[in-house]
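Reading through the structure tokens given below for one structure.
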Amino acid sequence: MLKPLGDRVVLKAEQAEEKTVGGIVLANNAKDKPTTGTVVAVGEGRYLDNGQKVAPAVKEGDRVLFDKYAGNEVEYNGEKYLVVREKDLVAIVD
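For the sequence shown, the positions run 6 to 99 when the working numbering is used.
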């Protein structure tokens, strides 16, 4: 499994909608980039300038909102993941 470093978080992004509400099938380039995903791995946290470690605010299994163009897509064992910094996460969805 991927183990992110520092304040990074590995997400499994939710798939973009295939159709509009009106039933129109969207081409791949017309779909919005997903902004919701599930946390699959969390780094150990970040360090402040004074050396104090700050624990991550999210945990594995959390469903989160993230900035549209955040992170880097990676492929691991045939699965696509998104690696983002915790600061690019906007909210935890209940």
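Yeah, the Cβ is synthetic: ideal placement off N, Cα and C, and Gly gets one too. Quick caveat: nothing in here was measured; it's all calculated off a predicted structure.
- Per the C-alpha coordinates, the member of T40, G11, V45 positioned closest to Y81 is V45.
- Residue state for K85 is assigned as strand, using DSSP reduced to three classes.
- The Cβ atoms of R51 and V59 lie closer than 8 angstroms to each other.
- G76 sits buried, since 16 or more C-beta atoms from the chains shown fall within 10 Å of its C-beta.
- Looking from the CA of V15, the closest CA among V98, E91, A96, I97 belongs to E91.
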